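Visitor: Encoded as structure tokens, here's the structure I'll be asking about.
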DNA sequence: CTCTAAGCTTGATAATTATCAAACGACGGA
DNA sequence: TCCGTCGTTTGATAATTATCAAGCTTAGAG
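Residue numbers (my numbering), protein chains in the order written: chain A, 8 to 236; chain B, 8 to 236.
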């Protein structure tokens, strides 16, 4: 593992304040692996062996039922995933696959559990991380149950733009059908909803989305701090 | 606080293995309070002062947006709630109100955080509890995004029946409109979906739901271990 | 015992979303 | 440069869900 990646991981809230010896212990047991586009990293129903961390590239978490599939989250660097399954040592509820070529750091679940027991700072960081993820899911569920598709899209655009520094322009890093699934709609309806948002100052072409009238978009989206936080 | 409630709380996975001194510390700072039906216990957007535990009665967790409201969970004894907000010391994302007269134990957030730092067993239990709640939410989100209303209802009936010991009969402990909101549908559609399930061996009258043909219901519901767990 | 209010059901209609089919367009390989 | 593939868009239609408006049922008040 190179210096750069080591530093990236070390800087994560999850590891930032862990004692050097314990961090070293975690890292010495870990693997950093490269995967091409479209590789399934984990499959729902299997038992966890490693805590995963997206170091580079992006990863889609998705769930299936009766032949249907839905995207639950899209992870960008640097983010851990399947923490809850590792902690409880229970089967994955979600699958994961790469949306781009990606680098994934994998820390053996046993090492995570061991350091958790020894290092109170790490334990606290794990709880904090999990609690944050829990809250993200509450927001996602409220988004899904309380809003129409067009509203979810409008708010997603506003959030994505905010996370990129309010440049009034968002570039998708994955296919539109993935965004559609993340937003709980079909690709066809994403297309129609994007067309609808033209009326509220949103232009899109290919993978670029441009906000030409942020206040009109906001009036339509009605963002809510307790959902879009 | 009476012996009975003390024992109930002590038996929770969250407290079961905590050292006696630390449990006492938590409890000595706690309040056990009775509330009538329909009382709002917490409001989304406010900051948490107490970890709450439903000791008796039932409690609805719900979220709102733009005048709409949706039930996120219905809690039965004995369950903690708003753990994630307490841990992160951030505003509630959900509101809570009693669905019946209820007894609620409230432990000051500061005490929870303090004992967490001192008692590794408690820390581990908190993480485990949070991870379980996280997984419950993943299931709820998959349920909502991957299934139709009728399927959600069918699977809900199967789960409720299973949690009452497979008697092929479920009694609602709250109004149907609450169940409708929990299932992400209007009361009108819950009514229609219940009527539809008549074709699959489900009879309902008032607050009683009877499963007359479990295998027919299962064929329709297609329960999934990774959603209905 | 009757009345009333609240919750539930039913019907009609509208909005939203999904599905199926076909056409379009951008990109990479021959 | 042309072709084929794949993702996207557009159109038509069906399914699902929400909304609005009555009626119905039932439990509690008087």
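Each residue gets a CB set at the ideal place from its N, CA and C atoms; glycine is no exception.
Since the model is a prediction, treat every value here as computed from it, not as a measurement.
In chain B, which residues lie with their C-beta within 8 Å of the C-beta of residue 124 of chain A?
Guide: In the first chain, counting from the first residue as 1, residue 124 of chain A sits at position 117. Those within 8 Å of residue 124 of chain A in chain B are 127 and 131.
Visitor: Using a C-beta cutoff of 9 Å, does residue 101 of chain A count as contacting chain B?
Guide: In the first chain, the residue the question calls residue 101 of chain A occupies position 94. Residue 101 of chain A counts as touching chain B.
Visitor: Could you tell me whether any Cβ in chain A is nearer than 9 Å to the Cβ of residue 98 of chain B?
Guide: Here residue 98 of chain B refers to the residue found at position 91 of the second chain. When Cβ-Cβ separations below 9 Å define contact, residue 98 of chain B makes contact with chain A.
Visitor: Alpha carbon to alpha carbon, how far is residue 72 of chain B from residue 96 of chain B?
Guide: The residue given as residue 72 of chain B occupies position 65 in the second chain. The residue given as residue 96 of chain B occupies position 89 in the second chain. Approximately 22 Å between the Cα atoms of the pair.
Visitor: In whole angstroms, what is the alpha-carbon distance linking residue 43 of chain B and residue 105 of chain B?
Guide: As a first step, residue 43 of chain B must be located in the second chain, where it is residue number 36. As a first step, residue 105 of chain B must be located in the second chain, where it is residue number 98. Looking at the two C-alpha atoms, the distance is approximately 7 Å.
Visitor: Let's see if you can read the secondary structure: which residues bound the beta strand (DSSP E) around residue 211 of chain B?
Guide: As a working note, residue 211 of chain B is residue 204 in the second chain. Its beta strand (DSSP E) spans residues 209-212.
Visitor: Could you pull out every residue in the same chain whose Cβ sits closer than 8 Å to the Cβ of residue 53 of chain A, ignoring the five residues on either side in sequence?
Guide: The residue you call residue 53 of chain A lines up with position 46 of the first chain. Within the same chain, residue 53 of chain A has close Cβ partners 98 and 99.
Visitor: Out of curiosity, what's the CA-to-CA distance linking residue 169 of chain A and residue 222 of chain B?
Guide: Residue 169 of chain A sits at position 162 when you count from the first residue of the first chain. Residue 222 of chain B sits at position 215 when you count from the first residue of the second chain. The alpha-carbon atoms of residue 169 of chain A and residue 222 of chain B are separated by roughly 50 Å.
Visitor: To be precise: take each residue of the stretch 37-70 of chain A, compare its Cβ to all Cβ atoms of chain B, and keep it if any distance is under 8 Å. Which residues remain?
Guide: Of all residues in the stretch 37-70 of chain A, 51, 52 and 70 have a Cβ within less than 8 Å of some Cβ in chain B.
Visitor: Within 10 Å of its beta-carbon, does residue 10 of chain A have 16 or more other beta-carbons around it, so buried, or fewer, so exposed?
Guide: Here the question's residue 10 of chain A lines up with position 3 in the first chain. Classification of residue 10 of chain A: exposed, given that the 10 Å Cβ count is below 16.
Visitor: So the candidates are B/215, B/182, B/37 and B/50; which of them puts its Cα closest to the Cα of residue 118 of chain B?
Guide: Counted from its first residue, the second chain places residue 118 of chain B at position 111. Looking at the Cα atoms, B/37 is the closest of the given residues.
Visitor: What distance in whole Å lies between the Cβ atoms of residue 65 of chain B and residue 107 of chain B, which are believed to be in contact at a cut-off of 8 Å?
Guide: As a working mapping, residue 107 of chain B is identified with position 100 in the second chain. As a working mapping, residue 65 of chain B is identified with position 58 in the second chain. Indeed, because the Cβ distance is near 5 Å, the residues count as touching under 8 Å.
Visitor: Just the C-alpha distance for residue 156 of chain A and residue 162 of chain B, rounded to the nearest angstrom, thanks.
Guide: For the purposes of this step, residue 156 of chain A is taken as residue 149 along the first chain, with counting starting at 1. For the purposes of this step, residue 162 of chain B is taken as residue 155 along the second chain, with counting starting at 1. Rounded to the nearest angstrom, the two C-alpha atoms are 25 Å apart.
Visitor: If you run the structure through DSSP and keep just helix, strand and coil, what is residue 83 of chain A?
Guide: The count along the first chain starts at 1 and reaches residue 83 of chain A at position 76. Reduced to three states, the DSSP call for residue 83 of chain A is coil.
Visitor: So the candidates are B/143, B/127 and B/198; which of them puts its Cα closest to the Cα of residue 233 of chain B?
Guide: The residue labelled residue 233 of chain B in the question sits at position 226 within the second chain. Considering only alpha carbons, the answer is B/143.
Visitor: Mind listing the chain A neighbours of residue 191 of chain B? Cutoff is C-beta to C-beta under 7 Å, in chain order.
Guide: Here residue 191 of chain B refers to the residue found at position 184 of the second chain. Residues of chain A passing the Cβ test: 152.
Visitor: Output, in sequence order along the chain, the residues in the stretch 73-91 of chain A whose CB is closer than 7 Å to any CB in chain B.
Guide: Residues of the stretch 73-91 of chain A whose Cβ lies closer than 7 Å to any Cβ of chain B, in chain order: 73, 75, 77, 79 and 91.
Visitor: Residues of chain A with CB under 7 Å from residue 200 of chain B, in chain order?
Guide: Taking the first residue of the second chain as position 1, residue 200 of chain B is located at position 193. Simply none; closest approach about 16 Å.
Visitor: Given a threshold of 16 other Cβ atoms within 10 Å of its Cβ, counted over all protein chains shown, does residue 226 of chain A qualify as buried or as exposed?
Guide: By one-based count along the first chain, residue 226 of chain A stands at place 219. Exposed, because fewer than 16 other Cβ atoms sit within 10 Å of the Cβ of residue 226 of chain A.
Visitor: By Cβ distance below 8 Å, which residues in the same chain neighbour residue 13 of chain A in space, the five residues on each side in sequence not counted?
Guide: Residue 13 of chain A sits at position 6 when you count from the first residue of the first chain. So the qualifying residues of the chain are 34.
Visitor: Should residue 215 of chain B go down as buried or exposed, given a rule of 16 or more other Cβ atoms within 10 Å for buried?
Guide: On the second chain, residue 215 of chain B is found 208 positions in, with the first residue counted as 1. Residue 215 of chain B should be labelled exposed.
Visitor: Chain B partners of residue 138 of chain A, CB-CB under 7 Å?
Guide: Locating residue 138 of chain A in the first chain gives position 131, counting from the first residue. Residues of chain B passing the Cβ test: 91, 94, 95 and 137.
Visitor: Would residue 146 of chain A count as contacting chain B if we go by Cβ distances under 9 Å?
Guide: Residue mapping note: residue 146 of chain A aligns to position 139 of the first chain, counting from 1. Closer than 9 Å to some Cβ of chain B, the Cβ of residue 146 of chain A qualifies, so yes.
Visitor: Using Cβ-Cβ distances below 8 Å, what residues of the stretch 218-231 of chain B are close to chain A?
Guide: 229 and 231
Visitor: Can you tell me which of the three DSSP states residue 176 of chain B falls into?
Guide: The residue given as residue 176 of chain B occupies position 169 in the second chain. Strand at residue 176 of chain B.
Visitor: Just how far apart, CA to CA, sit residue 32 of chain A and residue 150 of chain B?
Guide: Within the first chain, the letter at position 25 stands for residue 32 of chain A. Within the second chain, the letter at position 143 stands for residue 150 of chain B. For residue 32 of chain A and residue 150 of chain B, the distance between alpha carbons rounds to 39 Å.
Visitor: Compare the C-alpha of residue 220 of chain B against each of B/115, B/41 and B/174 and name the closest.
Guide: As a first step, residue 220 of chain B is located in the second chain; it is residue number 213 there, counting from the start. Residue B/174 is the option with its Cα nearest to residue 220 of chain B.
Visitor: Verify the CB distance criterion: does residue 19 of chain A have a CB-CB separation below 9 Å to chain B?
Guide: Position 12 of the first chain, counted from the first residue, corresponds to residue 19 of chain A. Taking Cβ atoms only, chain B never reaches closer than 9 Å to residue 19 of chain A, which makes this a no.
Visitor: Can you pull the chain B residues whose beta carbon is under 7 Å from the beta carbon of residue 207 of chain A, in chain order?
Guide: Taking the first chain and counting its residues from 1, the one referred to as residue 207 of chain A is at position 200. Result: empty, since nearest Cβ-Cβ is about 16 Å, beyond 7 Å.
Visitor: Name, please, each residue of chain B whose Cβ falls closer than 9 Å to the Cβ of residue 142 of chain A.
Guide: Locating residue 142 of chain A in the first chain gives position 135, counting from the first residue. Ordered by position in chain B, the residues that pass the 9 Å Cβ test against residue 142 of chain A are 91, 92, 95, 97 and 100.
Visitor: Helix, strand or coil: how does DSSP classify residue 89 of chain B here?
Guide: Start at 1 with the first residue of the second chain, and residue 89 of chain B comes out as number 82. In the structure shown, residue 89 of chain B sits in coil (DSSP, three-state: anything other than H, G, I, E or B).
Visitor: In whole angstroms, give me the CA-to-CA distance for residue 205 of chain B and residue 199 of chain B.
Guide: For this step, residue 205 of chain B is matched to residue 198 along the second chain. For this step, residue 199 of chain B is matched to residue 192 along the second chain. Taking the straight line joining both Cα atoms gives about 10 Å.
Visitor: Would you kindly work out how many angstroms separate the C-alpha atoms of residue 197 of chain B and residue 208 of chain B, rounded to a whole number?
Guide: Here residue 197 of chain B corresponds to residue number 190 of the second chain, with the count starting at 1. Here residue 208 of chain B corresponds to residue number 201 of the second chain, with the count starting at 1. Spanning the two alpha carbons is a distance of roughly 16 Å.
Visitor: Is the number of C-beta pairs between the stretch 69-84 of chain B and the stretch 118-129 of chain B that are closer than 8 Å three or more?
Guide: no
Visitor: Under 8 Å Cβ-Cβ, which residues of chain B neighbour residue 185 of chain A?
Guide: Reading the first chain from its first residue, position 178 is the one you call residue 185 of chain A. Within chain B, no residue comes near residue 185 of chain A; the closest Cβ sits about 14 Å away, beyond 8 Å.
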